[in-house]
Amino acid sequence: MIKYAWTSVKNNKSSSTLFIIAMIAILTVSTISLHSIKDIQAQVDDDIKQFARGSYDILVRAKDSQTPVEKTLGVVEENYLGAGNGGITIEMWKKIQSMEEIEIAAPVASLGYFTGFSRTVDFPFPESSSLLSASFITSDGIHEYQWGDKKETFYLKQDGYFDGFDFLKDFSHLKDGSVSGEKPSFMIPQTFHLVMGIDFEQERKLTGIPFNELNRELTPDEQMFMSFAEKAAIIKVLYLKDPKIPVKININIQNIPWETKDTLALKEKLGISTSYDGMLESVDDEARKSIIEHLSNLEPISNTSYTFDLSNQVTPFYFEPFSVDYNGNISPSENYATSISESSQFYSTSPVEYQIKKDYLAVKQVGEQDHVPTYREIKKHGQPGYYNTTAVPFLFVPINAFSAKEYEKSLAASPLGIYHQAPTTTKDGTVVHETAVPGSFISSPAHGLIDINDTVHIKGEKPIDAIRIKVAGIHQYDEEAEKKILHVVEQLHKLGDFHIDIVAGASPKTMQLDVEGIGMVTQQWTSLGAAAKITDGWNLSNMLISGLFILVGFIYILNRIFFWKNTRKNETKILTDIGWSDRHINTFHFLELGILGVIATFISFIIMCSFIYFQLLDGSSLLLLSGICFLFGFIIFIICLKPSNYQLTIKQGAPGKSIFVRNLYYYRKFIVLTFIQLMIITILLYFVIGSISTTSSLTSDTNLGSYIYNAISFSLLLIMVVSVILAVITVAESNTSFLTLRQTEMLTLRDIGWKRKTIQRLYLKETATWTACSIFLGTILGICLFVITFEFTLFMTLIALLISVVLYGIVLITSYFVISKQIHSSRIFL
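When you number the sequence shown by the working numbering, it's gap-free, plus one each residue, and the end is 834.
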């Protein structure tokens with residue numbers, strides 16, 4: 005019987021060749037597509053295992069510590085631990101640290117904005133009697149703001165008096181103090197910087213930053229500065245040397261008509277000695293006001309203005325004193341005023357109250373601090389030590405500087421919450437930064453670090469805002485790691501009522517902010533738990549796409565064999581007439597299809613091996629092809645067991661009066677499988693595009709998700725192309741087989757006078773009708789599946805309509821050429 009089957013294959017070269025080509029197409033395309041889907045999931049899993057775990061796994065915070073944005077959008081600002089009200093005791097942290105499953109437990113306590121040493125900046129004397137005005141300026145990168153009040157000092161010529169000048173300050177900076185013969189100097193306004201409390205040993209393990217200098221003893225000079233407040237707690241501070249404080253000074257020199265004789269006359273009038281021990285600064289407030297009013301009314305001789313950028317000299321908490329000449333040259337200064345007493349005064353800030361819009365966050369200005377806009381509520385605490393030296397609770401001593409810049413890449417791998425310095429930028433790339441005063445909308449990194457045990461002096465018995473935990477025994481983010489992390493979370497919940505986040509797999513996310521007075525800016529935020537979100541998103545999409553694609557392949561084979569058996573009915577009838585039983589006929593058909601299947605499989609394996617040779621696929625694709633061949637072989641075997649004795653019968657009263665409607669009803673059993681297959685292909689196309697768009701929007705907004713999406717985009721595109729190819733093959737094969745069955749009908753229509761174009765138009769009209777219904781139904785079901793799986797959006801509905809129109813156009817074009825070719829090849833009009 006094998007010989008008869010092989011003879012039948014050779015005698016039906018045309019149909020056998022088409023079937024082999026179709027089988028090769030379905031086997032290779034299915035293998036490539038399913039391999040691509042497998043690669044997608046493997047890529048997602050591998051990338052998450054490789055990149056998802058950062059410096060720590062679990063974030064423990066006090067209950068109700070989440071901001072509205074975090075609760076709603078699941079994202080936090082880069083330095084989101086920079087503001088907090090505490091809630092965790094040091095004793096609780098030590099208990100968590102002692103757990104066996106925990107490798108690192110690094111606490112963080114946000115303390116507020118503090119200052120360190122205050123210093124003056126000095127300038128050369130003017131050439132003649134002058135009014136020197138100094139205005140300090142700070143900037144956010146977009147606008148410059150006058151920072152504090154303008155300070156004015158009259159320098160009056162007096163030959164033989166120190167450097168030839170005596171001076172008189174206005175009321176704005178009397179508190180800066182005065183010394184006879186001092187050069188023009190102005191106290192730089194206090195710059196306040198975020199201070200965080202950490203455990204330096206745990207933080208070193210977490211970040212790699214050594215933090216060695218904190219343990220040294222105070223120098224005699226440092227102890228001398230602290231001597232005025234004997235009862236104060238002395239707190240050592242490591243200060244960040246990386247940031248530049250945006251500070252400029254504008255100096256205006258207004259020369260006035262005033263000579264030495266005028267100064268001597270003024271001193272004699274006021275009863276002030278004209279020798280070295282006589283200072284104009286010694287006058288009372290009433291005399292000062294009168295003198296300043298008189299000097300201000302003098303007609304100036306000239307007016308010169310200078311602006312100098314001091315950002316490179318002013319650093320958080322401590323900087324060396326310096327002088328500036330009028331050419332902008334900077335040099336060390338030996339004559340300067342300094343103070344440390346202001347460090348006991350500090351500010352706390354509230355989180356920014358973001359207004360959540362559709363595509364961005366809106367930020368409103370809430371006030372001003374020293375003429376500089378602020379976007380957070382600011383609360384002042386304490387007072388400078390010079391008000392009451394016996395009531396100073398603590399003083400900060402800047403010990404040394406640390407840098408986070410050389411650890412920037414490793415620090416960026418996790419939402420550590422206190423170190424990040426990624427720039428905030430406008431649409432044109434302009435960098436927006438913090439001003440020199442508290443209250444910026446930009447979350448500041450920690451500019452100062454103190455020991456966690458010292459935080460109780462500032463924040464009370466529950467100073468800790470968060471504990472960053474690294475679980476022991478984890479090397480990559482996989483299922484085993486998830487189980488260990490979840491076990492630790494359960495243990496932590498038993499210790500206290502905490503808010504706990506699993507942050508393994510957290511990834512940066514770009515956010516758009518509309519800031520009042522600045523405009524739209526871009527910031528890097530962090531999506532906590534991005535790995536789980538990415539895994540869930542792609543798992544769901546891949547599972548549904550795989551299921552739909554396998555269903556399409558199954559129906560394709562079923563449909564192809566159905567037409568193959570029906571186009572061989574005459575042959576089957578002859579075999580029955582000569583005495584063949586149904587079992588023998590089914591065996592014969594199975595052997596014939598088996599021969600075709602073996603040929604198609606052999607060629608498919610050659611194609612797969614060539615792909616493997618050129619490294620387009622790997623060896624697993626052969627195993628996948630073997631599985632698909634076995635599945636389709638089983639399908640062929642089952643189908644061949646069913647007798648092919650179906651006979652067409654015309655039912656009287658078939659609905660519809662037009663001939664094409666009657667034809668559709670008449671041949672409905674021959675188009676039902678193609679109808680279903682085209683409908684599923686429509687669903688598949690829409691769902692692939694829709695799920696890719698939605699899943700990527702949910703996952704690619706993080707850096708990790710974007711990386712994975714870029715890596716798998718080619719495979720996703722291949723699946724879409726394969727789906728369209730299957731649609732074309734399905735329509736072409738169905739029309740070819742369908743018209744082969746209708747040869748007698750075409751002869752009849754020709755004999756009653758129908759032209760070739762009329763027949764062609766009728767068949768095209770039939771195909772256009774049922775394919776339109778199939779695609780329309782597929783579109784509706786695709787939208788329903790998408791809505792159930794994701795959510796309804798008007799945009800994706802428009803995409804569905806576009807897919808339907810494009811696919812319908814492809815189907816009509818394919819049908820036109822196939823019908824034209826089939827009628828021409830039938831040769832009934834020769």
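Here a beta-carbon is modelled for each residue, glycine too, at the ideal position from N, C-alpha and C. Computed from a predicted structure; not experimentally measured.
Contact check, residue i vs residue j, beta carbons under 9 Å
{"i": "Ile295", "j": "Gln317", "result": "no"}
{"i": "Gln349", "j": "Lys383", "result": "no"}
{"i": "Ala776", "j": "Ser819", "result": "no"}
{"i": "Ile456", "j": "Gly201", "result": "yes"}
{"i": "Asp374", "j": "Pro247", "result": "no"}
{"i": "Ala113", "j": "Ser447", "result": "no"}
{"i": "Phe636", "j": "Ile549", "result": "no"}
{"i": "Asp174", "j": "Val251", "result": "no"}
{"i": "Asn254", "j": "Ala138", "result": "yes"}
{"i": "Pro325", "j": "Tyr310", "result": "no"}
{"i": "Val815", "j": "Val735", "result": "yes"}
{"i": "Ala405", "j": "Thr319", "result": "yes"}
{"i": "Leu629", "j": "Ser614", "result": "no"}
{"i": "Phe445", "j": "Tyr364", "result": "no"}
{"i": "Ser337", "j": "Ser327", "result": "yes"}
{"i": "Val80", "j": "Val73", "result": "yes"}
{"i": "Thr264", "j": "Asp153", "result": "no"}
{"i": "Thr35", "j": "Met612", "result": "yes"}
{"i": "Leu242", "j": "His197", "result": "no"}
{"i": "Phe321", "j": "Pro442", "result": "no"}
{"i": "Val199", "j": "Leu552", "result": "no"}
Three-state class that DSSP yields for residue i in the structure shown
{"i": "Ser444", "result": "coil"}
{"i": "Val396", "result": "coil"}
{"i": "Phe323", "result": "coil"}
{"i": "Pro377", "result": "strand"}
{"i": "Gln387", "result": "coil"}
{"i": "Leu802", "result": "helix"}
{"i": "Ser614", "result": "helix"}
{"i": "Pro304", "result": "coil"}
{"i": "Pro72", "result": "helix"}
{"i": "Ala417", "result": "Low confidence applies here, because Ala417 scores a pLDDT of 45, under 50, leaving its location unreliable; read the following figure in that light. Three-state DSSP puts Ala417 in coil, outside helix and strand."}
{"i": "Gln516", "result": "strand"}
{"i": "His197", "result": "strand"}
{"i": "Lys155", "result": "strand"}
{"i": "Asp170", "result": "strand"}
{"i": "His503", "result": "strand"}
{"i": "Tyr310", "result": "strand"}
{"i": "Glu81", "result": "strand"}
{"i": "Gln162", "result": "coil"}
{"i": "Glu575", "result": "helix"}
{"i": "Phe821", "result": "helix"}
{"i": "Thr653", "result": "With a pLDDT of only 48 at Thr653, under the threshold of 50, the placement of this residue in the model should not be trusted; the figure read from the coordinates follows. Three-state DSSP puts Thr653 in coil, outside helix and strand."}
{"i": "Leu222", "result": "coil"}
{"i": "Ser20", "result": "helix"}
{"i": "Leu668", "result": "helix"}
Element boundaries [beta strand (DSSP E), containing residue i]
{"i": "Val64", "result": "Ile62 to Ala66"}
{"i": "Ile470", "result": "Looking at the sequence shown, residue 470 is not Ile but Ala. Here the beta strand (DSSP E) through Ala470 covers Ala470 to Val475."}
{"i": "Thr430", "result": "Thr428 to Thr430"}
{"i": "Gln101", "result": "Here Gln101 belongs to no beta strand (DSSP E); instead the alpha helix (DSSP H) covers Ile94 to Gln101."}
For residue i, the first and last residue of its enclosing alpha helix (DSSP H)
{"i": "Thr771", "result": "Arg760 to Thr793"}
{"i": "Ser407", "result": "From DSSP, Ser407 is part of no alpha helix (DSSP H); its letter is neither H nor E."}
{"i": "Ala9", "result": "Ile6 to Asn15"}
{"i": "Gln369", "result": "From DSSP, Gln369 is part of no alpha helix (DSSP H); its letter is neither H nor E."}
{"i": "Val460", "result": "Val460 to Lys463"}
{"i": "Phe204", "result": "Phe204 to Thr211"}
{"i": "Glu749", "result": "Gln747 to Asp755"}
Residue i beta carbon near the ligand NAD (any heavy atom closer than 8 Å)
{"i": "Met5", "result": "As for the ligand NAD, it is missing from this structure, which has no ligand bound."}
Would you check if the stretch 94-109 and the stretch 491-498 touch, i.e. whether three or more CB-CB distances between them fall below 8 Å? Flag = yes, the stretch 491-498 and the stretch 94-109 touch.
Does the stretch 19-32 come into contact with the stretch 556-570, if we say contact requires no fewer than three beta-carbon pairs (one atom in each stretch) closer than 8 Å? Counting Cβ pairs under 8 Å, three or more are found: they touch.
Inspect the CB distances between the stretch 777-796 and the stretch 676-687 and report whether three or more fall short of 8 Å. Segments in contact, yes.
For the stretch 230-307, list the beta strand (DSSP E) runs that are entirely contained and at least 3 residues long, ordered along the chain. Listed in chain order, they are 237-244 and 252-259.
How about the stretch 159-172 and the stretch 124-138: do they share at least three Cβ pairs that are nearer than 8 Å? The answer is yes - the stretch 124-138 touches the stretch 159-172, with three or more Cβ pairs under 8 Å.
Given 8 Å, three or more beta-carbon pairs between the stretch 454-470 and the stretch 76-94: Output reads yes: the stretch 76-94 touches the stretch 454-470.
Are there three or more Cβ pairs, one per stretch, closer than 8 Å when the stretch 749-758 is compared with the stretch 793-802? The answer is no - the stretch 793-802 does not touch the stretch 749-758, with fewer than three Cβ pairs under 8 Å.
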